[in-house]
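Residue numbers for the sequence shown, in this note's numbering: 308 to 549. Below is one structure, written out as structure tokens; comments come after it.
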Amino acid sequence: MCIIKNRCMFTSIYLKIILTFMVISITPLSVLCAESKSSDYFMSTYGGQISDSNLSEVVFNPQFSNSHIIAIAGGVKLLKKKEKLRLEVEGQAIRHEGQDKYPCDCESCSVNGYHWAEGQSYEKSQKIGTQRHYEFNLVLVLRWLKFPWNHYLKTELAIGEGISYATKIPPIEQSQHAINHGLTHNTSQWLNYLMFELNFALPAYPNTGVFYRIHHRSGDYGLINGVSDGSNFVGLGLRHEF
């Protein structure tokens, strides 16, 4: 009960910080956006929570665990195809914080004697690992701009592909069951990065928007460093173009 209470408290505080930041930021930024005629650069900040679901399931069945990210990002617009399509490049700096619940229900993994991953042990119930590191990503983003309802609510759909570097091996991407039983499994500091984003803005303030993002790291089914697994975070954020 104590663990569950602490997790709920951490998540509640975390979400309050993100929402407060967004409310405080959006008013002055919106004034600037209304005065701006064109913009070539952008900045954003977002927070997210880990999902144990696969990438194909994360939108409708996220299955959240107690690990979070807070990110800042910035970039430049490269090419624009009329008013429909835009190419961008984005750099990201991410802080990971929290604990990882290792998805292993094997009875033998609940006994002593195995080499536990960093931050966990038999005494800690073998299911919890510390998730505390930084991540840096460089992403090429393709953004679709034209939707029939844009005069009511400006909408953008984006997909990004790039490279991701974690400052240490993320415990959340390790399989404790595989480690315990000597099965083939590995992850890497260098992995592929993929993101999906929906961005919304008011027509009166087109340069400031809020967005929903899926933040994904993986080895592309073993193509990168032989890694098959990865991690998915679901996040909300604020974006400003200038």
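All C-beta atoms in this analysis are idealised placements derived from N, C-alpha and C, irrespective of residue type, glycine included.
- Would you mind reading off the limits of the beta strand (DSSP E) that contains LEU464? 461 to 473
- Message: Please classify ALA511 as buried or exposed, where buried requires at least 16 neighbouring CB atoms within 10 angstroms.
- Response: exposed
- Put GLU390 into one of helix, strand or coil per three-state DSSP. coil
- With DSSP as the reference, label ILE379 as helix, strand or coil. strand
- Query: Taking just the CA atoms, how far does SER535 sit from ALA508?
  - Reply: 36 Å
- Task: Measuring alpha carbon to alpha carbon, tell me which of LEU392, ALA380, LYS388, GLU442 ends up nearest GLY398.
- Result: ALA380
- Task: Could you check the C-alpha separation between GLU395 and GLY542 for me, to the nearest Å?
- Result: 20 Å
- The beta strand (DSSP E) enclosing GLY526, as first and last residue numbers: Looking at the DSSP string, GLY526 is not in any beta strand (DSSP E), and its letter there is neither H nor E.
- Item | Extent of the continuous beta strand (DSSP E) run through ASN368 | That residue, ASN368, is in no beta strand (DSSP E); it is neither H nor E in DSSP.
- Could you tell me how far apart the beta carbons of GLY405 and SER374 are, in whole angstroms, since I believe they sit closer than 8 Å? 4 Å
- Task: Take the Cβ of SER525 as the centre, count every other Cβ of all protein chains shown within 10 Å, and call the residue buried at 16 or more, exposed below.
- Result: buried
- Query: In chain order, what residues of the same chain have a beta carbon less than 6 Å from the beta carbon of MET329, not counting five sequence neighbours either side?
  - Reply: Here the model assigns MET329 a pLDDT of 45, short of 50, so the residue's position is not dependable and the matter cannot be decided.
- Query: Does the beta-carbon distance from ILE479 to ILE377 come in below 8 Å?
  - Reply: no
- Could you check what DSSP says for ILE531 in three-state terms: helix, strand or coil? coil
- Task: Indicate whether ILE297 and ASN444 have their beta-carbon atoms separated by less than 8 Å.
- Result: Examination of residue 297 is not possible in this model, given that the chain is present from 308 through 549 alone.
- Message: I need the straight-line Cα distance from LEU505 to PHE518, nearest angstrom please.
- Response: 5 Å
- Specify, as a first and last residue, the run of the beta strand (DSSP E) that ILE357 falls within. 348 to 358
- Message: Our contact map puts PRO477 next to HIS403 with C-beta atoms below 8 Å; I'd like the distance itself, whole angstroms only.
- Response: 7 Å
- Task: Determine the DSSP secondary structure at ILE521, reduced to helix, strand or coil.
- Result: strand
- Query: Can you pull the DSSP bridge partners for ASN444?
  - Reply: GLN399, SER471
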